[in-house]
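Number of protein chains: 2
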Amino acid sequence: MNEALSALGALAQETRLEAFRTLIRAGQSGLPAGDIAQRLGVGPTVMSFHLTELSRAGLIGSRREGRSIIYTASFARIGALLDYLIEDCCLGACGTRATNPKESCCEADAR
Amino acid sequence: MNEALSALGALAQETRLEAFRTLIRAGQSGLPAGDIAQRLGVGPTVMSFHLTELSRAGLIGSRREGRSIIYTASFARIGALLDYLIEDCCLGACGTRATNPKESCCEADAR
DNA sequence: TTCATATTTCTATATTTATAGATATATAGG
DNA sequence: CCTATATATCTATAAATATAGAAATATGAA
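The listed protein sequences derive, respectively, from chains A and B. To convert, note that position 23 of the first sequence is 23 in the numbering used here; the numbers rise steadily by one, no gaps. To convert, note that position 11 of the second sequence is 122 in the numbering used here; the numbers rise steadily by one, no gaps.
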């Protein structure tokens, strides 16, 4: 139901978070499943499982190229998650944080 | 180890995400555990479990006030998560999205 | 067609996480 | 001190998620 929830769930796992970061850095050309698996040091079965999870959340896409399946990060999807978090979970008050940290509401905390 | 990972895990659950959003909207004054439970329609045991999870991730804090325990959202912590996602998971390209969506990289996928 | 490669799917198992009742702790008021 | 309220902790169980080997599928090359 909630798309942000499934995106959060997909990223809330070490191997998947690393895989996603790797794909973001790889850009639009993406990377074959085997390459990602090798970089992260996991077996093909486990890699496939986690890539499927990320796909189900819409955070990555894939295309076949020869024998390989190339995965690519969805910048739109992570952008939408950021929008949600900024607007619904920080009331917009943290929206400028990355570009202008000094003026952020987030320096002072309520604890 | 990774603080972002535990924050993501804490938010990746419906009851907890709703509880956190409720606390963000409540602001600095916060809300008693029972109030949050009533709003979300969950029992006290389950509420306590999820509030403990959010606390462990540093996303909320608490103080006792009479018989109640008042929980408050940590704007600093959600801000730090946003920073991480923007910088490490979107390469900064989605950082201005909330304030200036038109110029975002995220409109077209795969920047 | 046969073989090797890349990846997924199937299956079983282990681990983690969530739910909920009973009980315990802390506080406030009579 | 006794009682009610607010919440947490303990315990058991259920449900979801992760790991990993074996087998299946798809492709490309000899």
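Backbone N, C-alpha and C define an ideal beta-carbon position, used for all residues, glycine too. The structure displayed is predicted, hence computed values, not measured ones.
Give me, in chain order, the residues of the same chain whose beta-carbon lies closer than 8 Å to that of residue 137(B); leave out the 5 immediate sequence neighbours on both sides. 183 and 184
Along the alpha helix (DSSP H) that carries residue 48(A), what are the first and last residues, could you check? 44 to 56
Would you call the segment 161 to 177 of chain B and the segment 116 to 134 of chain B in contact, with 3 or more CB pairs under 8 Å? yes
8 Å Cβ cut-off: residues of chain B touching residue 35(A): Going along chain B, no residue has its Cβ under 8 Å from residue 35(A), so there is no contact; the nearest lies around 17 Å.
Closer than 9 Å between beta carbons: that is the criterion. Which residues of the segment 126 to 143 of chain B meet it against chain A? 128, 131, 132, 135, 136, 138, 139, 140 and 141
Tell me whether residue 15(A) is buried or exposed, calling it buried when 16 or more other Cβ atoms sit within 10 Å of its Cβ. buried
Helix, strand or coil: how does DSSP classify residue 179(B) here? Strand.
Compute the distance between the beta-carbons of residue 21(A) and residue 194(B), then report whether it is under 8 Å. no
Where residue 93(A) meets chain B, residues with beta-carbon distance less than 7 Å: 186
Residues of the segment 150 to 169 of chain B in Cβ contact with chain A at a cutoff of 9 Å, in chain order, please. Hits within the stretch: zero.
Which chain B residues are close to residue 70(A), counting only those with a beta carbon under 8 Å from its beta carbon? Ordered by position in chain B, no residue passes the 8 Å Cβ test against residue 70(A), which lies about 12 Å from the chain.
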